[in-house]
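Just so we're aligned: 905 in our numbering is position 117 of the sequence shown, and the numbers increase by one with no gaps anywhere.
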Amino acid sequence: MGEQSKRPLLLGHRGQRHTRRKIIRYFQPQTIPPDNTIAAFELTMQRGCDGFEFDVRYTHDRRGVICHDPDYRGQNVANTKYEALLEGRRVRAKRTDYPPEEQIPCLEDVMARFAERAYLDIEVKIPGFEHEIVAALRQHPPTKGFVVSSFLPAVLRRFYELDPELPLGYIFGDRKLMAEWRDLPVSVVIPNVKLASDDLVQEWHAAEKQVFVWTVNRESEMRRLGLWGVDAIISDDTELLVKVLGGSK
789 MGEQSKRPLL LGHRGQRHTR RKIIRYFQPQ TIPPDNTIAA FELTMQRGCD
839 GFEFDVRYTH DRRGVICHDP DYRGQNVANT KYEALLEGRR VRAKRTDYPP
889 EEQIPCLEDV MARFAERAYL DIEVKIPGFE HEIVAALRQH PPTKGFVVSS
939 FLPAVLRRFY ELDPELPLGY IFGDRKLMAE WRDLPVSVVI PNVKLASDDL
989 VQEWHAAEKQ VFVWTVNRES EMRRLGLWGV DAIISDDTEL LVKVLGGSK
């Protein structure tokens, strides 16, 4: 078994994510802000994590927004202007008093607020906006470390063409797609926790790749991955993650 030489990075999944499984023990659900929001990112940092993972899509008017799904509150992100997404939130939400930090944020706001405070795992959900993301990174260079990650090999190759120095990460949750890491210009492999094993972690490390694992919500998994020496753990349950593996470095 691999030996842990240092604690892995502790990263919140979409900041602090609501989960259908009853793993959030210390907070009532209504006190947890919506995931992929400024409030969720702040909560993750307050709990002692090193940073967080978040999802980037683009609106019809080419605004980078932090959103996991193609649709947001019944509106298709790619076909909707940014201001219309905000208005749609106010119209469709059961609550009408969402503060700004719980509304859908834009990429520039997240970079400006967290680039000097948090490790950023920037997951790119769609192709075609690589120039914009590189520009955002140059405007607000992350000082605590970052990776630009994606499930999409073509997106990763395009980022490499634009800037070969960018730290890139390949995300996968299907064993059939796992071997693609060998052919991609990435420095980080990001498997689903169900695919991770001690042998694979050692293989990736031998190939000089960092290993980030998602989404890790059980204490036993956190401890096991820590012993294997993974470089980062991404979790919905950030409070448990910090309790098990220790606070921010």
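For each residue, glycine too, the CB sits at the ideal point set by N, CA and C.
- Under the DSSP definition of a beta bridge, Gln863 partners with Tyr860.
- Under DSSP, Ala1020 forms a beta bridge with Leu797 and Phe1000.
- Here the C-alpha atom of Ala872 lies approximately 30 Å from the C-alpha atom of Arg946.
- Judged by DSSP secondary structure, Glu841 falls outside any alpha helix (DSSP H) and instead within the beta strand (DSSP E) spanning Gly839 to Tyr846.
- Boundaries of the alpha helix (DSSP H) around Ile826: Ile826 to Gln834.
- Looking at Met966, Leu1033 and Cys855, the one whose alpha-carbon comes closest to that of Tyr958 is Met966.
- Glu996 and Thr825 have their C-alpha atoms spaced approximately 33 Å apart.
- Around the beta carbon of His801, 16 or more other beta carbons lie within 10 angstroms, which makes this residue buried.
- By the Cβ-count criterion, Ala942 is exposed, with fewer than 16 other Cβ atoms from all chains shown falling within 10 Å of its own Cβ.
- When the alpha-carbon of Phe1000 is set against those of Thr931, Pro893, Asp909 and Asp971, the nearest one is in Asp909.
- Among the bridge pairs identified by DSSP, Val977 is matched with Tyr958 and Val999.
- Taking C-beta atoms as the reference points, Val844 and Gly852 count as a pair closer than 7 Å.
- Taking C-alpha positions only, Pro915 is separated from Cys855 by approximately 15 Å.
- Between Tyr870 and Asp838, the C-beta spacing is not below 7 Å.
- Contact between Thr832 and Thr1003 does not hold, since the beta-carbon distance rounds to 14 Å and is not under 8 Å.
- As DSSP reads the structure, Glu911 sits in a beta bridge with Asp843 and Ser937.
- Residue range Gly852 to Ile854 is occupied by the beta strand (DSSP E) that includes Ile854.
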